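Notes for the one structure printed next.
Protein chains in written order, with our numbering: chain A, 398 to 941; chain B, 7 to 306; chain C, 62 to 685; chain D, 338 to 678.
Next comes the structure, spelled out in structure tokens:
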């Protein structure tokens, strides 16, 4: 008998006169001890599916079909029975562990809570303590960490606590909902490895949900792909990725390039008819932007000094795309801010086009016309109250650019491939898709006719299918306008996709700088190597 | 067809947004009731000179007896010198509403400016301003207001000043918190990167985002200001002009003249109930507005 | 389930907190009844807080009222008509030059603790005041001109003064026991309780802003009072006191407003006492304030220097309406400067001089005097400026608050714009003394002898340039008036003097620097079921509380123990011939008796008046 | 704090937020420092406010009694009023540091004594009323948030709003009128109650009923509304889904997880609104003649007893500031998040 058998599941959300069908007739089954990856973009219904297994959906959800957990239909269970089943038969590792843990209770108590709850007789304190220590040990955390509050733990540690908590009642099924989304590559690899190991060791059934096919492929035996509430493809991981049948699956798979594979070099996945430009000639001459011994330190409240950027020399030539790669906390965002003049360097200087970065307000304003910023999350990078037109025109107005404002806005929108421009102008950000929003941000930057674009994780918050389109746009802009770009990312695949040169940043320093082909194919620094090693690769489950 | 100008578009969009907002507002019964009450009361207050005779407020022309119970001539009875309580209550609305509105505007203006400045400029400005705000926040504001209205000459202006100067800190804190939230948004960073200065960021991004909240807060604060006015007037710090009665000064008269002992409920109840209704109406409107403007509260 | 239990617990807790005290009164009244059976307590509701019970410090009405029952004086005002009679002192004599006073104390006087009370005690008390500035805080003015005080023997006290002093038989100074107070380090500090005293009661306990408890003093030389305990209970608001009276929580309360007084009428257990006050209420009109040496001060509107304008204002103020609407009928209409309670000196304007209230007439007067009406109906003064006048009111005085709008309304009708300016009592005092007013509410307590209140309107009573040194009233400085004033000072023929005083009032009436508003009554009430009655002072139509003596509290007669005593000047008491209850509602016609007695003590009082009316009304309202 | 990850992970993992040793002391000291700054502002404001009040202090002192210019000069000298303002301020500061708030003009006793006498009744009234209001407000707020939109929610929120909208003194007046004869109308204890503790306590409780009900009625609404919205906010939180997924009963989810978190902002509010409670106390004490600090303040204002006013102002403001410092410290104990940031 299957551990979990979902039959013709439909979930509708009703409210305010509208009805949204989140899940439309999904059939799925999982054998005990088996692992299944559930892939899909945001809004495809994968999280709703996961939550419905333990009937955790809000009251506005209408559920149809059957969810047989160990042969028992969850939908028709009595509340008491349902509570008993929760966590003992199936447990969930939630996404965003920061919020999924109660911020004001010690993690030990939170781990122990279900154990006490589901025990017939409350275990003696000593035994309980031992059990929690054991669980912590399983997730490779020392027992002392149990005394911590969630905010005292790092993201990876919190995710480990979540896993320990999920294993507390020895469930037969664990559902992991985007367990590694907010984590860095290396930590992600560690957590995935841990999860795989535990599931295998304890013979637990696992459903893992992610938008990242590579992550799923690295962990799960089987893969299911969801699209608009339907299951569009299901099968062995390798088969699904190797021979995607559904175009959506193909798009998902292509979004995560294999670093080192020349097929993906200068070739982000795009379905645009505009195609991709040819690789550019190597740049020469004076660099457009140069940092010299740049150092930025912050003084905390307790007079503790944090060095975010520790002496960086970096060059970007005209028409060149440089990828700045590093983990969060490595100082790459601070570096970008300093380059933009949003942060004053403690030491060293930034030289643009041969002249040092001005310090006066007026000079800075003029400088900022030439160097533009593209932020990670286009949703929050646009004022929700401003229309596309206003957002794009904002820079024009600040700099009092001469000429017809409307024509300039239209031109910028065209350049960012939002066509026809007129139609987009009156729209508000919430009426646009994620990719369109990012194009508006880019258009806003282009309107000022800059020479350098600083893009901070430009595609990190976009769905996989859109990712390639934006990257292709950057490449085309470079080819057409000669625009140089400094792209900040944690994603080595992105660098491989579009960058000419890559700079690897670690703890405030550039540990390795060079052409992408050299650095990513034959890294010299340990850190670069460990970054590459942590990349989940399609088809072959990671071994650690 | 020529494309409409961006400004016209913006206005059209605002109109549509307003219509949508109104639809949501209208779906809340309490908000509608509150708004209806408010419109009615404001109308009555504004129209008071046209629907009643101000001369009736002049004690020398009072025709009624001392604290007469309600009758055909005086639907709500008379006060201690024979004036119609109904007339007093009607005219009292003018002063109470005036004080409520102006004092609130004053306090909100101070609060908004300080709140935005404290959030926008870092470190010392912020620390200094917040210190002052916290200080005023914990000060027993009634004591301070009483002291202020003792120092200054009696009158509506003084009352407004006393209330305005003591009630801004909560608005300042609220605005500061909201501004901090807004300023943490990447679009502020983007705007700065585009070259926007302080004024640009505050004027184009922060203020428009903070204003709805300020508006809600204003609606809620008018009620408190009206209660504060009545308390100060009750304590004898109100406007002494008999032609400008407020609900608080009516209650003071009732109190001083032992309406409680005399059982003159018609003298005691109308001003108090009027205060309650107006404050409640403002509160209901404010909460309904809050629900419209703050999506988190809307669900469920 | 647990949350349900918690909820239940909270409900129970809240209910308990609310209902337990509610349940208490079921038992509490019984406790009250029982305690009344055992000890006779007179519980008096007072609406003014006690400032201090230190006899050297206290100056409030309530404080001195309590101290009068706790400490005896050398002399006291009699019950009949405020004549000074001996109390601790049995007799006295003065030297030819009026500089040496010799008081003989009674035999066998004892303090409440049993120690003998001798001449050493007043001697110590007075000498302390001479030596120590703090001890002069409350009553320092009496001893300002003293040379020495000496107890020549156990019964004899000799006081030498630097100049003849008229107030020597009106020394309102509580005599304290030397054996207690000589050990007190800080004479200004709050006293220790119980206090050793010599009055009809001894002060036992004082709870700040709550109550003062006194016990009957068995050693009081007139004999122990019938009531065993006397409690003064503080009520911040008088409604609460009235409710307490209705509930039987207190037995006696005064200073009622008309509404309260009326509401008590129907209560069969409560008797009311409407007493004549010694007070007149007025509005001052600044005729151009100046210092005693004639230099102009203050910022009064110069237009008011015109007597025609002042007279028009006086004509536009209607005393009858004020009596009806402001005092609810519990007052008498305005006549002369001296209140009608002092019938002999009281004057009422004859028909030809009488200003009948008439707005038309006032308007005509102003038209005639050349005050044209401006565009908005406000008249213009001679300089063409609109007549905007300030009317200063006492923020805490009900009279001012109610009457102010009336005056404003009337004057608006004759084209004068009034701005009401409510200020604290002190601010009004300061401003009026400095001449910084146009119109202001005022009022005084007059005395059997009118000298002091008359002196207020003389040139000499005006202040120095800082607005200090003297207490002026209306800043009138009129040759004719001053002339008459000096004449009446030296006139020993009573009939002629009365005549002079009436002429002075006529002058005052004509000059219109002040407008008399009326004379309000003192309204008191007590539990008839608990108390038979109280001795009034003056005996006819007088007050129970705030007497110039201890008669009311001392003679309090519990129900069934009547009749209420009458205290004679020889120290004896006789049965009252009339019920005090509601007595005052009938106007007294016994002026003949009053006259005779007043005549007997007139010489003493002639110069002694100073002490009675040494304060202005609003503060006089708050203190003695 | 020692990092316990494996060496490689240690080297590579993101750094957890730093936790400083001695943070607690630092935090407390910062809060106390802030409180002291506020207190200093109160002291300065108290001085300025009550020295700029118009009026002649000496005249006020003598209250119209005839006094010779020499006597007035003497008093001026004694009170140091002839010195320059700054010297007066230093004087005032010096005496304040010694707990001397000056001498009341009206009562002729040290202001400190006067305030100490009145502190008890106010503490009793405000304390009991706050406790009841907090308990009531939290309980009602929790219930109405949890059953959002229910009849209980609508009615209890409506009642709270209506009471909150009512002027305190008016509510007191109505209560007085409505319960005439049931409860004492003024004061804290009858003068003729037996002196034993039980009778006294019962009598005080009896006297407290009306003032307490009035004060509670006016202030509890705030706590209810804040608790309600605070809980509503928490109700969307992910950790509650976690708790439910663990199989916790609804009321356990509420009690163990939602309420403790929602309580935190409410705790701050309780203390932040003490100033409001004190304002209510002034009204309530005036209406019910409760012999507390509020009444003293109002009476001092009435007769312009400046030192007394200054004293009550400094003490009331100081008390609120002190309570707020305590609240900050308490908050730190309650909310582990504050400890690290």
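Glycine included, C-beta positions come from ideal geometry on N, C-alpha and C. Note that the structure is predicted; figures quoted are calculated from it, not measured.
Please compile the residues from chain A whose C-beta is within a distance smaller than 9 Å of the C-beta of residue 578 of chain D. 448, 453, 489, 491 and 497
Just by C-beta distance, which residues in the region 187-204 of chain B are closer than 7 Å to chain A? 191, 192, 193, 195, 196, 197, 198, 199, 200, 201, 202 and 203
Can you check whether the CB of residue 267 of chain B is closer than 8 Å to the CB of residue 320 of chain C? yes
Residues, ordered as in the chain, of the region 73-97 of chain B that lie near chain C by beta-carbon distance below 9 Å: 73, 86, 87 and 88
List, in chain order, every chain A residue whose beta-carbon is nearer than 7 Å to that of residue 585 of chain D. 514
Between residue 19 of chain B and chain A, is the shortest Cβ-Cβ distance under 8 Å, so that the two count as touching? yes
Determine, using beta carbons only, whether residue 654 of chain A and residue 890 of chain A come nearer to each other than 8 Å. yes
8 Å Cβ cutoff, residue 101 of chain B in contact with chain D: no
Straight-line gap, residue 358 of chain D to residue 623 of chain A (C-alpha atoms, nearest Å): Caution applies to residue 358 of chain D, whose pLDDT of 45 falls short of 50 and renders its modelled position unreliable; the value that the coordinates give is listed next. Whole-angstrom Cα-Cα distance: 49 Å.
Less than 8 Å between the beta carbons of residue 565 of chain A and residue 601 of chain A, yes or no? no
Identity of the residue in D:624, D:376 and D:656 nearest residue 511 of chain D by Cα: D:624
Name the residue from C:428, C:470 and C:198 whose alpha carbon lies nearest to the alpha carbon of residue 369 of chain C. C:428
Beta carbon of residue 552 of chain C nearer than 8 Å to that of residue 558 of chain C: yes
Note down the Cα distance separating residue 907 of chain A from residue 857 of chain A, rounded to an integer number of angstroms. 22 Å
With a CB to CB cut of under 6 Å and the five nearest residues on each side skipped, what residues in its chain are close to residue 422 of chain C? 376
Answer yes if the region 226-243 of chain B comes into contact with the region 95-104 of chain B, meaning at least three C-beta pairs across the two stretches below 8 Å, and no otherwise. yes
Boundaries of the alpha helix (DSSP H) in which residue 787 of chain A is found, first to last residue: 785-795
In terms of alpha-carbon separation, which member of D:458, D:420, D:606 and D:533 lies closest to residue 558 of chain D? D:606
Which of the three DSSP states, helix, strand or coil, is assigned to residue 90 of chain B? strand
Indicate whether at least one CB of chain A lies closer than 8 Å to the CB of residue 662 of chain D. no
Would residue 262 of chain C and residue 277 of chain C qualify as a contact pair, given that the criterion is a beta-carbon distance under 8 Å? yes
Go ahead and label residue 129 of chain B buried or exposed: buried means 16 or more other beta carbons lie within 10 angstroms of its beta carbon, across all protein chains shown. exposed
Within chain A, partners of residue 597 of chain D - CB distance below 7 Å: 501
Can you list, in chain order, the residues of its chain whose CB lies under 8 Å from that of residue 475 of chain D, leaving out five sequence neighbours each side? 560, 561, 564, 600 and 603
Could you please give me the residues that DSSP links to residue 292 of chain C through a beta bridge? C:104 and C:274
Could you say which of D:673, D:523, D:575 and D:507 lies nearest to residue 298 of chain C if we only look at CA atoms? D:523
Could you have a look at residue 589 of chain C and say whether DSSP puts it in helix, strand or coil? coil
Based on the DSSP secondary-structure assignment, which residues constitute the bridge partners of residue 404 of chain A? A:463
Measure from the C-beta of residue 39 of chain B to each C-beta in chain C and report whether the shortest distance is under 8 Å. no
Would a check of beta-carbon distances place residue 266 of chain B closer than 8 Å to chain C? yes
Of the residues D:541, D:426, D:534 and D:516, the one placed nearest residue 526 of chain D, counting alpha carbons only: D:541
Within 10 angstroms of its Cβ, does residue 757 of chain D collect 16 or more other Cβ (buried), or is it exposed? The displayed coordinates of chain D run from 338 to 678. Any statement about residue 757 of chain D would go beyond what the structure contains.
Interface positions of the region 863-892 of chain A facing chain B (Cβ-Cβ less than 7 Å), listed along the chain: none
Limits of the unbroken beta strand (DSSP E) element including residue 724 of chain A: Segment: none, residue 724 of chain A is in no beta strand (DSSP E) and carries neither H nor E.
Can you tell me whether residue 165 of chain C is helix, strand or coil according to DSSP? strand
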